[in-house]
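Converting from the sequence shown to the working numbering requires adding 1 to each position, the first position being numbered 1. The beta-carbon is built from N, C-alpha and C at its ideal position, and this holds for glycine as well.
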Amino acid sequence: MSLSLCARLTSKYTASLQPNNLSYLPGSAGAIIISAGGINEKVLRSPASLTDGIAVEPMTVPYEETDMIAQVKWERLSFGIVLVLVTNAGLVQIYNHAGQRLLHFFRIECDPNRNEVPDAARGIASNGIDLIFVGSYTGEVITLQVSAEHITRGKALSGSTAHRAPITDIAAERSADTQTLVTADATGQILVWDLSSLVLIANLGTFHSRCNSIAVYGTTVVAAFLSGHVRIFNCREETHLEITAHSRAINAMCISPVTKRWFCVSEDTFLSMYTLPDSSNMLSSLHSIVVSPGLLTGLAVDGPCGTVAVTCYDSGEIFLVKVNE
Numbered sequence: 002m003s004l005s006l007c008a009r010l011t012s013k014y015t016a017s018l019q020p021n022n023l024s025y026l027p028g029s030a031g032a033i034i035i036s037a038g039g040i041n042e043k044v045l046r047s048p049a050s051l052t053d054g055i056a057v058e059p060m061t062v063p064y065e066e067t068d069m070i071a072q073v074k075w076e077r078l079s080f081g082i083v084l085v086l087v088t089n090a091g092l093v094q095i096y097n098h099a100g101q102r103l104l105h106f107f108r109i110e111c112d113p114n115r116n117e118v119p120d121a122a123r124g125i126a127s128n129g130i131d132l133i134f135v136g137s138y139t140g141e142v143i144t145l146q147v148s149a150e151h152i153t154r155g156k157a158l159s160g161s162t163a164h165r166a167p168i169t170d171i172a173a174e175r176s177a178d179t180q181t182l183v184t185a186d187a188t189g190q191i192l193v194w195d196l197s198s199l200v201l202i203a204n205l206g207t208f209h210s211r212c213n214s215i216a217v218y219g220t221t222v223v224a225a226f227l228s229g230h231v232r233i234f235n236c237r238e239e240t241h242l243e244i245t246a247h248s249r250a251i252n253a254m255c256i257s258p259v260t261k262r263w264f265c266v267s268e269d270t271f272l273s274m275y276t277l278p279d280s281s282n283m284l285s286s287l288h289s290i291v292v293s294p295g296l297l298t299g300l301a302v303d304g305p306c307g308t309v310a311v312t313c314y315d316s317g318e319i320f321l322v323k324v325n326e
């Protein structure tokens with residue numbers, strides 16, 4: 002099994018240095034990238050299929066002029082697919098799936114006397130029905146109850162054992178067997194919540210390195226860190242694996258639920274592919290490839306097509322990598 006560069010999507014704008022700056026929605030709205038163009042970062046959209054090597058077209062998104070986009074992500078809710086955009090100043094904007102119509106907006110209030118922090122809002126996930134979760138710089142995870150007509154702030158996920166550092170990423174898993182929400186922060190603390198009751202069910206520890214990216218599949222949580230380490234947890238069996246996946250910061254990581262493999266990209270220029278741990282808690286490193294000489298910042302997997310999309314800081318291309326069985 003191997004990885005090979007198969008195509009490139011081109012854009013007149015270059016990718017930002019934001020971790021997790023690429024989002025993909027299979028078979029629908031396409032892929033989306035946060036790209037540094039002009040004073041503010043722009044949101045760009047590619048074709049619906051990652052196998053189409055054609056130019057990326059910019060989207061017009063009316064976010065505030067003083068804000069910088071921190072993260073963009075599609076979420077499936079009961080009334081349809083929405084595009085969620087958060088900015089470093091705490092503005093949350095929810096658009097229709099094409100990003101053409103603003104449905105709702107919400108501002109996370111920031112302390113005017115606070116010291117400068119990288120992002121007032123970061124981390125986006127949903128329960129797949131009516132709740133969107135957004136992380137804040139205080140460590141709170143804010144819940145927004147969303148319908149096609151209304152948005153209401155719900156109870157924040159917080160408490161004596163909850164986060165005390167800025168949230169860096171959020172992931173959710175909703176299936177017949179699992180209802181899980183996982184949150185991570187700048188100190189490397191990882192918490193697991195019940196997605197239905199929003200009750201804290203596990204504190205996986207604090208690892209004293211920023212957790213840039215997190216994903217969950219079933220009872221397995223995969224967390225990628227600024228240190229280049231990846232830690233894998235089985236929440237049911239309370240087991241924990243740790244590997245040095247990269248020599249520099251990992252900026253994005255995701256799991257392909259179709260193949261049960263996970264991928265990560267790093268500032269060391271490598272894209273790496275691994276299997277999830279088996280019943281004996283063993284995992285395999287399948288392949289690594291140098292995608293570009295620059296810092297890799299974004300990652301998305303098109304499971305059915307076996308294609309991985311990668312963004313590179315200060316590059317005007319989305320690199321498409323084929324998984325060769």
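Expected contact under 8 Å - CB spacing of residue i and residue j to nearest Å
| i | j | result |
| --- | --- | --- |
| Val309 | Val324 | 7 Å |
| Gly91 | Ala121 | 4 Å |
| Thr312 | Leu23 | 5 Å |
| Ala224 | Arg211 | That pair is no contact at about 11 Å. |
| Thr184 | Gly229 | About 21 Å separates the two Cβ atoms, so there is no contact after all. |
| Val93 | Leu145 | 7 Å |
| Leu297 | Glu318 | That pair is no contact at about 12 Å. |
| Asn128 | Leu18 | Asn128 to Leu18, Cβ: 30 Å. No contact. |
| Val83 | Tyr96 | 7 Å |
Check whether residue i and residue j have beta carbons under 8 Å apart
| i | j | result |
| --- | --- | --- |
| Ile143 | Ala157 | yes |
| Gly219 | Asp178 | yes |
| Arg9 | Phe320 | yes |
| Leu300 | Val266 | yes |
| Ala246 | Val217 | no |
| Arg346 | Thr276 | Nothing can be reported for residue 346: it is not among the residues displayed for the chain, which extend from 2 to 326. |
| Gln190 | His164 | yes |
| Phe226 | Ile251 | yes |
| Val193 | Ser257 | no |
With 16 other Cβ atoms within 10 Å as the buried cut-off, status of residue i
| i | result |
| --- | --- |
| Lys13 | exposed |
| Gly39 | For Gly39, the predicted structure reports a pLDDT of 35, less than 50, and the residue's modelled location is therefore unreliable. The matter cannot be settled from this model. |
| Val73 | buried |
| His105 | buried |
| Phe107 | buried |
| Ala149 | exposed |
| Ala99 | exposed |
| Gln101 | exposed |
| Ile55 | Because the pLDDT at Ile55 is just 49, under 50, the model does not fix this residue reliably, and the value given afterwards should be weighed accordingly. With fewer than 16 other Cβ atoms within 10 Å, it is exposed. |
| Ser316 | buried |
| Tyr314 | buried |
| Ile202 | exposed |
| Asn204 | exposed |
Between the CA atoms of residue j and residue i - distance to the nearest angstrom
| i | j | result |
| --- | --- | --- |
| Thr221 | Thr15 | 34 Å |
| Val322 | Met254 | 15 Å |
| Arg249 | His151 | 43 Å |
| Ile215 | Arg237 | 18 Å |
| Asp131 | His288 | 38 Å |
| Ala71 | Arg123 | 6 Å |
| Val85 | Asp279 | 34 Å |
| Ser198 | Arg77 | 19 Å |
| Leu103 | Asn282 | 45 Å |
| Ser79 | Arg175 | 13 Å |
| Asp186 | Gly81 | 29 Å |
| Met2 | Ile133 | 37 Å |
Residue i, enclosing beta strand (DSSP E) - first and last residue
| i | result |
| --- | --- |
| Cys7 | Ser3 to Thr11 |
| Asn252 | Ile251 to Ser257 |
| Gln72 | Ile70 to Leu78 |
| Thr220 | That residue, Thr220, is in no beta strand (DSSP E); it is neither H nor E in DSSP. |
| His288 | Ser286 to Val291 |
| Ser127 | Ala122 to Ser127 |
| Arg175 | Ile168 to Arg175 |
| Asn235 | His230 to Asn235 |
| Gln146 | Val142 to Val147 |
Short CB-CB distance (under 8 Å) between residue i and chain B
| i | result |
| --- | --- |
| Phe107 | Absent from the structure is chain B; it holds one protein chain and no more. |
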